[in-house]
Structure formats: structure tokens, C-alpha cells
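*Asks:*
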Amino acid sequence: MNYDLPRGLINASFVEGIDKESVETYRTHYAALNPWLDYWAASPSGEVRISERDSPSSAFRKSEFYNDWLAPQGNMTAAVGLRLDVDAHNIIHVAWHYSESNAADYDEPAAAILDNVKGTFADAVRAAALLRDGVEHRLRFGAVIDRIDGAALLVERDRRIREVNAEAIAGLQAGDVFSGAGGMLHLRDAGAQRWLEENVSRLIGGLPVTAASTVIRNEERILRVSLTAAPDHVERGFPALVHPRPVVLVVVRLLAGGEARIDDTSLRFAFGLSTAEVRLCEVLANGHSLADAAEMLGISEGTVRQRVKVVFQKTGTHRQGELIAMLGRFRL
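Sequential numbering of the sequence shown, starting at 1, is according to the UniProt record's numbering.
#1: Decide if the region 247-256 is in contact with the region 147-157; the criterion is three or more beta carbon pairs, one per stretch, under 8 Å apart.
#2: Which of helix, strand or coil does DSSP assign to N199?
#3: So who's on the other strand from L249, going by DSSP bridges?
#4: Which word fits M184, buried or exposed, when buried means at least 16 other C-beta atoms lie within 10 angstroms of its C-beta?
#5: Pull up the distance between the alpha-carbon of L70 and that of M76, whole angstroms please.
#6: Sorted by chain position, which residues of the same chain lie with C-beta nearer than 8 Å to L241's C-beta, five sequence neighbours on each side aside?
#7: Within 10 angstroms of its Cβ, does I169 collect 16 or more other Cβ (buried), or is it exposed?
#8: Smallest Cα separation from I145: which of A212, V247, G205 and S55?
#9: Can you tell which of R217, G205 and P208 has its C-alpha closest to the C-alpha of Q193?
#10: CB A32 to CB S57, shorter than 8 Å?
#11: For D146, name the three-state secondary structure that DSSP assigns.
#12: What's the C-alpha gap between A212 and V155?
#13: Sort F65, D133 and S201 by Cα distance to T28 and report the nearest one.
#14: Comparing alpha-carbon positions, which option in G302, L255 and E322 lies nearest C281?
#15: Please work out which residues of its chain come closer than 6 Å, Cβ to Cβ, to K118, disregarding the five sequence neighbours upstream and downstream, and give them in chain order.
#16: Could you tell me whether the Cβ atoms of A88 and E52 are closer together than 8 Å?
#17: Identify the continuous beta strand (DSSP E) that holds A79 and give its terminal residues.
#18: DSSP on M296, reduced to helix/strand/coil?
#19: Can you list, in chain order, the residues of its chain whose CB lies under 6 Å from that of T228, leaving out five sequence neighbours each side?
#20: Report yes if the C-beta distance between A276 and R307 is below 8 Å; otherwise report no.
#21: Ordered along the chain, which non-local residues of its own chain (more than five positions away) have a Cβ less than 8 Å from that of residue 386?
#22: Short check: CB of A285 to CB of I324, under 8 Å?
#23: Let me confirm a value: D105 is counted as buried when at least 16 other C-beta atoms fall within 10 Å, else exposed. Which label applies?
#24: What does a CB cutoff of less than 6 Å around A110 pick up in its chain, not counting 5 residues either side in sequence?
#25: Cα-Cα, which of P244, G328 and A41 is closest to D264?
#26: So is R132 buried or exposed if we call it buried at 16+ other beta carbons inside 10 Å?
#27: So what's T317 in DSSP terms, helix, strand or just coil?
#28: Taking the alpha-carbon positions, what's the G302 to R268 distance?
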């Protein structure tokens, strides 16, 4: 079994000798009630343990787990086991069960066998972890998030940042809306931060969220933060011991306020605009009038009007509103 012990979940299981229905009920219900997991959570990695010696099932005979699941199996009330760690949310538990009546004869030989083969199990777990890391390295989302309009970040469990696009890098450097202290995503708005923590955790756990986006205000700007669970890229039914870590896409978009910046290099390349024409476009893209532009650029209003006509010709636009709409494609 691959357990996520902090969350009380099973990531993956490979079971022999137990009927499939019992395994499924264990995964979906009884694993969360298993008293042995508290014992295993405190056990050191790599040590073989014997249940009847270290944590006998008789200690929890009155529990729902014992009476409704363990005892009905008929031959599983004793065991030897081994814990092998990948990370905090991937704890591999190798267990060999048998009946309590056989424990006196089976415990020591079973523990000796498990101790002899634990090196092989450890190698398998390391290989599974390396496979997971290789899959994560190859399945990057950079090409996708680079095309997103806004600051886009992929975060793992606990909001650890895995990938970002160029706008997110600029946002992290500015640090006025969000930051990446300790490699983790933090929103400056306290209420939005609580929303982020709760909903990233739910999406990572495969749970629905009531609000996939929230709106925050930062000085004169209004921004929307939205969350989406990214696909896990694991084929359904694929027998992987350690699956790739799930990620959530966080997108921060400016809704209103702030100064629009134009990608002047792309604009010049696309239409052959001069530096003065690009500066005029940037002023108009921020909602200023021709009179405002003349004052801001230090030129006459007549010069502004003539320059706008040249921009219209070069860009194939005919009205100021059409020009501004077109400039939206070049907004940073």
C-alpha cells in the first residue's frame, strides 16, 4: 500500500490473497479507521515490525475496523510489516498477514524473510520514485501556461511552485500581489490567501470547490485569481506505485486599474511603428484622449492627430476604438 498518512488516504495498492470487494471497502472506508496506521506513522523507515509483539490487534478488538473488516477476513489478525518512505505523502507499507493462531509459529520466520528481502523492496520504491520524478520532468506545462493571458503558476501540494510563465515571474519579482517566499505561493490579501490554501488543498485531493475564483483589490487595481486542477497524465488503471504529484493551475488576471503596458518589440515588428508611434499607442491603450496624449507626450494636439493617422495606415485600422481593440493583443 502507498499511504498518504497526513490525509488518511491510499494513493495506490497492490494486494494478493484478499478478495477485490474487501480491498475496495478498505480503500474507501476502513483504511481511515485502521488503528495500525497510527502505529506505522510513528515507526522508522526500513525496520521490520511484528504486530503481535509491537502492536497486537487484540488491543483494538472493540473497534469498528476489527469487528467489521479485519476479523471477517478470517486470516489477517496478525502480521509482519515494513515501512519505506518516499516523501511525507507517499509512505509505502509492505505487510504480510496471517491468523493470530499462527502467530507463534509464523512471526519470527516471516520477519526474517521480510528482513532479507527488504533491500529489494527498497530498490523498487526508489525506482518508483525516480519514475515519478522522470514523468514530472517530461510532462511540463510550460508551452501551455506561456499562452495564458495573465500570470500563470503551477503549484503542488502546500502551494509549492513548480512552473511559472513570464508574467508570473514579473509578478513574483514585484511582490505586490503575490510572492514566492520559500518556494511557495502566497497572496498578499489575507482573505484571498485563506481561500487559496483551502481550495488548492481540495483540488489536489480531487474534491470539488465552491468558488474556483476570487477577486482582490491591490491599490488601484482589481484582479481575479482562478484555480483549475491540472490533468495528472496518468493512464487510468496504470499500476504505478508512486504517481506524479498533482498540480493546480493558478491564474492571476488584471480586471481593471493599473497602467497597460504594450509589447513594443512585437508591435514594431508587426507594423513597422516608430518609437514615438508606439509610445502614442501605449497612451491611447490606457484610455487617454488625444488631448491628454498631447499633454503627456509634450507635443501639439495637431501632431498627435497626424501621428494617429499614420498609425491607422500602418496597422490597417480606421477608428481609435478599433486601434485600441487591436492593441489589446499586444498588451503585456
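Ideal Cβ placement from N, Cα and C applies to all residues, glycine included.
*Replies:* If we stick to the structure as given:
#1: yes
#2: helix
#3: L154 and T228
#4: exposed
#5: 7 Å
#6: N2, A12, F14, I92, A124, V125 and A128
#7: exposed
#8: V247
#9: R217
#10: no
#11: coil
#12: 15 Å
#13: F65
#14: E322
#15: L82
#16: no
#17: A78 to D87
#18: helix
#19: L249
#20: yes
#21: The structure shown does not extend to residue 386, since the chain spans only 1 to 332, so no value can be given for it.
#22: yes
#23: exposed
#24: V80 and W96
#25: G328
#26: buried
#27: coil
#28: 23 Å
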